[in-house]
Amino acid sequence: MRRQNIIAAVVLIVLALVYGTLTAQLPVRTLPNTPDPSFFPWINTVVILLLSLWLLVRGLRQPTQPATANDNRDRRRLAAWALGSFALYLALMPTLGFILATLPFFAAMMMFYGERRPVWIGGGTICATFALYVLFRHGFGVFLPRGLLAGIVA
Amino acid sequence: MSPDALIGFAQASGMLTLATTCIGVFVGLVVGMIPGMTISTGIIVVLPVTFVLSADISIALLLGLYVGGMTGGSFSAVLLNIPGTPSASATAMDGYPMASRGEAGRALGIAISASFVGGLFSFLCLFFIAPLLAMVALEFRTEDMFSLVFFGLTIICSFAARSLVKGLLSAALGLALVTIGQDPVMGTARFTFGQANLMAGVHFLTAMIGLFAVPQLVENLMSTETASRTQAKLKSVLPSLSDLKAMRLPVFIGSVTGAFLGILPGAGGPIAAFISYDYTRRASKTPEQFGKGSVEGVAAPESANNAVTGGALIPMMTLGIPGDPVTAILIGALMVHGLAPGPLLFMERGDFAYGIIFSFFWANIFNFIIAILGVRLLVKLLATPRALLMPMVAVLCVIGSYALRNNFFDVYVMLFFGFVGLAMRWLGMPVVPMLLALVLGAQLEEHLRVALIASRGSVAIFFTSPISLTFLGLSVLSIIWTLRSNRIKNANTSKETTS
Numbered sequence: 001m002r003r004q005n006i007i008a009a010v011v012l013i014v015l016a017l018v019y020g021t022l023t024a025q026l027p028v029r030t031l032p033n034t035p036d037p038s039f040f041p042w043i044n045t046v047v048i049l050l051l052s053l054w055l056l057v058r059g060l061r062q063p064t065q066p067a068t069a070n071d072n073r074d075r076r077r078l079a080a081w082a083l084g085s086f087a088l089y090l091a092l093m094p095t096l097g098f099i100l101a102t103l104p105f106f107a108a109m110m111m112f113y114g115e116r117r118p119v120w121i122g123g124g125t126i127c128a129t130f131a132l133y134v135l136f137r138h139g140f141g142v143f144l145p146r147g148l149l150a151g152i153v154a
Numbered sequence: 155m156s157p158d159a160l161i162g163f164a165q166a167s168g169m170l171t172l173a174t175t176c177i178g179v180f181v182g183l184v185v186g187m188i189p190g191m192t193i194s195t196g197i198i199v200v201l202p203v204t205f206v207l208s209a210d211i212s213i214a215l216l217l218g219l220y221v222g223g224m225t226g227g228s229f230s231a232v233l234l235n236i237p238g239t240p241s242a243s244a245t246a247m248d249g250y251p252m253a254s255r256g257e258a259g260r261a262l263g264i265a266i267s268a269s270f271v272g273g274l275f276s277f278l279c280l281f282f283i284a285p286l287l288a289m290v291a292l293e294f295r296t297e298d299m300f301s302l303v304f305f306g307l308t309i310i311c312s313f314a315a316r317s318l319v320k321g322l323l324s325a326a327l328g329l330a331l332v333t334i335g336q337d338p339v340m341g342t343a344r345f346t347f348g349q350a351n352l353m354a355g356v357h358f359l360t361a362m363i364g365l366f367a368v369p370q371l372v373e374n375l376m377s378t379e380t381a382s383r384t385q386a387k388l389k390s391v392l393p394s395l396s397d398l399k400a401m402r403l404p405v406f407i408g409s410v411t412g413a414f415l416g417i418l419p420g421a422g423g424p425i426a427a428f429i430s431y432d433y434t435r436r437a438s439k440t441p442e443q444f445g446k447g448s449v450e451g452v453a454a455p456e457s458a459n460n461a462v463t464g465g466a467l468i469p470m471m472t473l474g475i476p477g478d479p480v481t482a483i484l485i486g487a488l489m490v491h492g493l494a495p496g497p498l499l500f501m502e503r504g505d506f507a508y509g510i511i512f513s514f515f516w517a518n519i520f521n522f523i524i525a526i527l528g529v530r531l532l533v534k535l536l537a538t539p540r541a542l543l544m545p546m547v548a549v550l551c552v553i554g555s556y557a558l559r560n561n562f563f564d565v566y567v568m569l570f571f572g573f574v575g576l577a578m579r580w581l582g583m584p585v586v587p588m589l590l591a592l593v594l595g596a597q598l599e600e601h602l603r604v605a606l607i608a609s610r611g612s613v614a615i616f617f618t619s620p621i622s623l624t625f626l627g628l629s630v631l632s633i634i635w636t637l638r639s640n641r642i643k644n645a646n647t648s649k650e651t652t653s
């Protein structure tokens with residue numbers, strides 16, 4: 001935890017400094033006896049800075065722990081792939097539309113979670129995608145984007 | 155009963171509301187018992203639906219899910235020794251040994267019945283205490299409200315974090331995020347970077363979906379844990395007369411402890427379950443049976459974690475202070491429908507407030523009926539493949555954040571918070587204080603600034619009001635208590651390491 005504490009403290013100190021700089025640029029309102037819009041952000045800046053320094057001191061005072069063997073590398077890689085797919089899915093959805101973006105994403109996620117049977121992946125993906133689309137678009141009136149399928153699907 | 159209570163009862167007892175409560179309970183039982191799914195995840199799954207339903211029906215659905223989820227957690231705790239929710243951890247200690255000796259049905263029956271009594275007890279507390287507390291809270295002035303919200307935040311940080319400094323940092327970051335958008339007093343745009351989408355600020359439901367669901371999706375992917383799919387043979391589920399007799403004391407202890415701790419923001423189900431388990435063991439005539447499949451060991455934590463639900467609704471409804479992530483989400487769901495929980499809810503929309511209370515009552519009734527009658531079906535659902543469930547949750551996260559304002563910007567905000575949640579998990583920082591700061595932050599700032607305007611800039615206003623002073627004193631006490639208990643814990647750990 002020592003390494004995490006130091007990293008967290010340093011990142012938060014930088015964040016607090018950036019936040020403080022942005023706060024200093026906020027417009028000033030000079031009404032008598034009235035706290036400015038920057039009043040609360042300044043309190044936050046000071047609190048985050050003080051707490052981060054506390055965390056940094058605590059981290060530095062903690063004993064160094066021996067590094068543990070990392071036997072989880074494959075799963076981390078898998079998680080990174082899944083997160084990347086998720087980000088790509090969100091980036092493509094406005095253009096492709098809900099259905100076309102969800103079909104490959106859903107199938108990929110099923111594989112990431114260990115499903116290997118093609119029929120299950122295909123069936124699960126198609127059923128889930130269309131069921132969710134119909135339920136939310138037509139059942140609950142959520143305007144899920146149609147993208148490239150506009151004019152083809154209702 | 156007051157006219158508002160009667161109207162509320164009629165609203166909660168409408169066919170559509172009852173059906174929605176039933177669905178909520180069923181979904182809650184399912185998500186609660188599947189390891190890797192939490193009640194918060196279940197709520198995220200149904201959240202998009204609540205945006206299009208009316209307020210009373212949405213709340214009935216969410217309350218059903220809340221109550222069902224608490225009981226559902228005990229199914230996997232008893233059958234697989236994997237608590238479906240953190241609140242069911244204590245149940246596994248005696249439920250699983252009981253199931254191992256071929257009494258899975260008996261253990262589930264005791265858990266379901268104890269949950270039922272605990273839930274009903276907390277309904278009574280909610281029904282009688284909430285309106286009174288709302289009346290008292292009406293007397294609070296803006297400086298008192300500031301101190302109350304501040305107290306709520308400090309106590310949440312101290313309960314939610316293994317490290318106080320990290321809990322406070324998480325809350326402080328949440329408060330900083332709240333400042334994005336128009337400021338609540340003068341309407342000045344802050345930290346919007348010219349983005350019109352940021353003028354309304356970060357919607358906390360979007361943040362919540364990212365903070366909770368994305369790390370959970372990753373955690374499930376990283377997990378090597380495979381739940382045993384062996385189906386337990388369930389004979390009789392209803393507890394016998396002797397079991398009912400043995401349950402009386404633990405259920406009483408559990409219900410009282412759970413309802414009381416539920417009222418305290420941040421204490422939550424797991425703490426209530428373990429404390430009531432401990433009290434019951436001390437009060438028991440057969441403490442040596444605990445951990446080996448004791449009836450009392452199953453009944454106490456189960457009644458406690460369900461009693462927490464009604465307790466947590468009391469500060470949520472009367473003061474607008476969420477007790478846990480689920481009640482925070484309930485506040486968000488109410489806000490989406492233009493309703494702000496707090497003392498004025500009872501004054502201005504008394505019928506609706508009582509509607510919530512009676513929906514909670516029905517949720518407990520349906521929870522018992524569905525759990526007892528559907529136990530065999532529910533146990534089969536434990537085998538739902540994760541490979542189908544998790545992609546579904548991922549897609550529902552997207553729909554949920556999009557449906558809030560039919561805006562893709564919110565979906566990207568959700569993804570951003572997903573990464574924030576992952577980073578916080580890696581750094582050992584709790585996300586709950588941040589979420590609750592996102593809920594309470596705007597109130598905290600508004601009350602602080604309005605009080606300072608009223609006092610012409612003097613901070614003495616917070617110390618001259620007795621109510622405000624009490625809450626500030628309690629805040630200091632909660633921080634000192636946490637620091638002290640952390641120090642004792644650290645000393646014990648280092649002693650163990652040395653020996």
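Listed in order, the protein sequences are those of chains A and B. Position one of the first sequence corresponds to residue 1 (the numbering used here), numbered consecutively onward. Position one of the second sequence corresponds to residue 155 (the numbering used here), numbered consecutively onward. Note that the Cβ used here is the ideal one computed from N, Cα and C, for glycine as well.
Distance check between B/Ala541 and each of B/Leu375, B/Trp516 and B/Gly321 places B/Leu375 closest, using alpha-carbon atoms only. Collapsing the DSSP output to three states places A/Gln25 in coil. Neighbours of A/Ala150 across chain B, judged by C-beta separation under 8 Å, do not exist; the nearest C-beta is about 16 Å away. Near chain A, meaning a CB-to-CB distance below 7 Å, no residue of the region 431 to 446 of chain B qualifies. Listed along chain B are Ala541, each with a C-beta nearer than 7 Å to that of A/Gly114. Looking from the CA of B/Ile309, the closest CA among B/Met299, B/Glu297, B/Val184 and B/Leu322 belongs to B/Leu322.
Residue range Val449 to Leu473 is occupied by the alpha helix (DSSP H) that includes B/Pro455. DSSP places B/Glu293 outside any alpha helix (DSSP H), giving it a letter other than H or E. The Cβ atoms of B/Phe515 and B/Ala268 do not sit closer than 9 Å to each other.
A distance of 9 Å or more separates the beta carbons of B/Val480 and B/Ala461. Among the bridge pairs identified by DSSP, A/Arg75 is matched with none. The beta-bridge partner set that DSSP reports for B/Gly335 consists of B/Arg344.
The Cβ of B/Arg295 sits no closer than 9 Å to any Cβ of chain A.
Under the rule that a run must span 4 or more residues, the alpha helix (DSSP H) segments found entirely inside the region 210 to 265 of chain B read 243 to 254. Take B/Ser230, set aside five residues on each side of it, and the residues of its chain with a beta-carbon closer than 8 Å to its own are Met187, Ile188, Pro189, Ile236, Pro237, Gly238, Ala242, Ala381 and Leu536, in chain order. Residues of chain A with a Cβ closer than 9 Å to the Cβ of B/Ile553 are, in chain order, Phe98, Leu132, Phe136, Val142 and Leu144. The region 91 to 99 of chain A makes no contact with the region 522 to 531 of chain B; the number of CB pairs closer than 8 Å stays below 3. In its chain, beyond the 5 residues on either side, Thr129 have a beta carbon closer than 6 Å to the beta carbon of A/Thr102. Here B/Leu623 is near B/Ser301, since their CB atoms are less than 9 Å apart.
As the crow flies, the alpha-carbon of B/Pro587 is around 5 Å from that of B/Ala325. A/Ala150 is bridged by DSSP to A/Val153.
Of the candidates B/Phe562, B/Leu217, B/Ala507 and B/Ala246, the residue whose Cα lies closest to the Cα of A/Val142 is B/Phe562.
Inter-residue distance for A/Ile121 and A/Met110 is about 7 Å (C-alpha atoms, whole angstroms). Under the three-state reduction of DSSP output, B/Ala494 falls in the coil class, being neither helix nor strand. If you compare the alpha carbons of B/Gly496, B/Leu576, B/Val630 and B/Gly223 with that of B/Leu292, the shortest gap goes to B/Gly496. Contact with chain A is absent for B/Ala209, since none of that chain's Cβ atoms lies less than 9 Å from the residue's Cβ. B/Asp478 is the residue among B/Ile634, B/Pro620, B/Asp478 and B/Gly611 whose C-alpha sits nearest the C-alpha of B/Gly306. Of B/Ile633, B/Thr463 and B/Leu371, the smallest CA-CA separation from B/Cys279 is found for B/Thr463. Counting only Cβ-Cβ distances below 7 Å, A/Thr34 has contacts in chain B at Ile607, in chain order. For the C-beta of A/Ala87, the chain B residues within less than 8 Å are, from N- to C-terminus, Leu569. Here DSSP, grouped into helix, strand and coil, assigns B/Val356 to coil.
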